[in-house]
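Heads up, the thing below is written out as structure tokens.
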Amino acid sequence: MNVRSGHSLTIGVDIGGTKVAAAVVTPGGRVLARLRTRTPDRSRSPSVVEDTIVSVVSELRREYKVRAVGVGAAGFVDERRSRVLFAPHLSWRQEPLRDALSVRLGLPVVVENDANASAWAEVRMGVARGVDDVVVVNLGTGIGGAIVSDGVLRRGRHGLAGEFGHMTVVPGGHRCECGDRGCWEQYASGNALTRQARELVVAGPPMAETLRQAVGDDPELITGPLVSELARKGDRACRELMEETGSWLGAGLANLAAAFDPELFVIGGGVSESGELLLDSARGAFRKGLTGRGHRPEARVVAAALGNDAGMIGAADLAREALPRGGRRRRQRRPGALPKRR
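Take the position in the sequence shown, starting the count at 1, then add 77; the result is the number in this note's numbering.
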């Protein structure tokens, strides 16, 4: 097979609790090819996930000549963008992912938190383009977040900023996979939606009959996408579940507005694909919980534009930004800083 090449093609990899997705991306953010597979069993050795990344990247390189790889990982990534310190939904602890992958692939590798990678894509090429103060909230297996302030991706002193999903919203509440109780992602994420739907079916109210029939009386077959699909079709129980999830989302956004005062909230991730049913509920709860409501500007709450591709596009672009140009390394902007507008 002929290997296709292009100007600064890079691969972006998005690793979540349930999937590993990779794509070949152009400098303009266009996806040329993609692959997706399930995340290996988290109880196995961390090297199994590394093997999966190498496999999907190698498969894409059979057809495309790429210059670097960016990895968006669901977890704490250190300030050097090299080591995954902790991943609640994976088995990585102090994992030297950048160096391990670079050796195995023979390419430069950049590792970034997955929500930061998605936010980078949205402010560079998506719905937040041209906005300097943005908070991105990604609703997937858990909740990831990112902060762009004055046009700079704020990673914090140790690279750990934006872990909104692990803010405590219900002291003593549901146990989270991070080990704490009452984390926001236990109430407004894909896992939370699935858990609530299963609990509803087990309780057995008549309103849950459609959902029960859809899974053949087996609550373990319920997934977030199934609940979203039935909600879009008008099922009362699933609509109420989506609205409840949206209310928890909006309550958390009000807290973030008090802390960061952004111009724009961008809601991404798989759960956000439910659309306005989720976002309308979120906006209502956001307004209700907003400090000083009626006496302050209100941040807009919008759906992300790049969908499930955002993490891959952002990771690929971050890898491209780190490449040398014209025989010299690029003059460094502040990490995660957007280009100056002319």
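No residue lacks a Cβ here, since even glycine has one placed at the ideal position from N, Cα and C.
Which residue marks the beginning of the beta strand (DSSP E) containing residue i, and which one marks its end?
i: R111; result: V108 to R115
i: V102; result: K96 to V102
i: G345; result: L341 to G345
i: D91; result: T87 to I92
Nearest-angstrom Cα distance between residue i and residue j?
i: D394; j: A164; result: 23 angstroms
i: G221; j: R231; result: 14 angstroms
i: L303; j: L355; result: 15 angstroms
i: N296; j: A151; result: Note on identity: in this sequence residue 296 is Pro, with Asn being the wrong assignment. Near 27 angstroms, if we compare the C-alpha coordinates of A151 and P296.
i: E375; j: G323; result: 18 angstroms
i: F337; j: R370; result: 15 angstroms
i: R238; j: D176; result: In the sequence under discussion, the amino acid at residue 238 is Ala, which differs from the Arg named in the question. C-alpha separation (whole angstroms): 23 angstroms.
i: S120; j: G94; result: Because the pLDDT of S120 is 45, which lies under 50, any placement of that residue in the model is unreliable, and the question is left without a value.
i: P123; j: R170; result: 9 angstroms
i: L112; j: G267; result: 22 angstroms
i: L400; j: C260; result: 38 angstroms
i: R217; j: Q273; result: The amino acid occupying residue 217 in the given sequence is Gly; Arg does not appear at that position. The straight-line gap from Cα to Cα measures roughly 15 angstroms.
i: M319; j: V225; result: 28 angstroms
i: L288; j: E321; result: 17 angstroms
Among the options, which has the Cα closest to the Cα of residue i?
i: R425; options: R115, V188 and R111; result: Residue coverage of the chain in this structure runs from 78 to 419, which leaves residue 425 outside it and unanswerable.
i: I88; options: V133, A285 and T116; result: V133
i: T245; options: Y264, V229, G228 and R234; result: Y264
i: G149; options: W325, A223 and R373; result: A223
i: T114; options: E321, P339 and T129; result: T129
i: E306; options: L270, G207 and A399; result: L270
i: D357; options: L167, V131, A328 and P185; result: A328
i: G384; options: E172, L86, G203 and T116; result: G203
i: V208; options: A331, N193, L367 and E340; result: E340
I'd like the span of the alpha helix (DSSP H) that includes residue i, first residue to last.
i: R377; result: That residue, R377, is in no alpha helix (DSSP H); its beta strand (DSSP E) goes R377 to A380.
i: I390; result: A387 to E398
i: K310; result: That residue, K310, is in no alpha helix (DSSP H); it is neither H nor E in DSSP.
i: D357; result: E353 to G366
i: A205; result: No alpha helix (DSSP H) contains A205, which DSSP labels as neither H nor E.
i: T300; result: Where T300 is concerned, there is no enclosing alpha helix (DSSP H), given that its DSSP letter is neither H nor E.
i: R373; result: Note, R373: premise wrong, no alpha helix (DSSP H); not H, not E.
Considering only DSSP beta bridges, list what residue i is partnered with.
i: V200; result: Bridge partners of V200: none, in fact.
i: V211; result: V225 and L341
- Note down, one range per segment and in chain order, each beta strand (DSSP E) of at least 3 residues found wholly within the stretch 214-263. If we require 3 residues or more, the beta strand (DSSP E) runs fully inside the stretch 214-263 come out as 220-226.
- Which full runs of the alpha helix (DSSP H) of 4+ residues lie inside the stretch 112-195, going along the chain? For the stretch 112-195, whole alpha helix (DSSP H) runs of length 4 or above, ordered along the chain, are 124-138 and 174-182.
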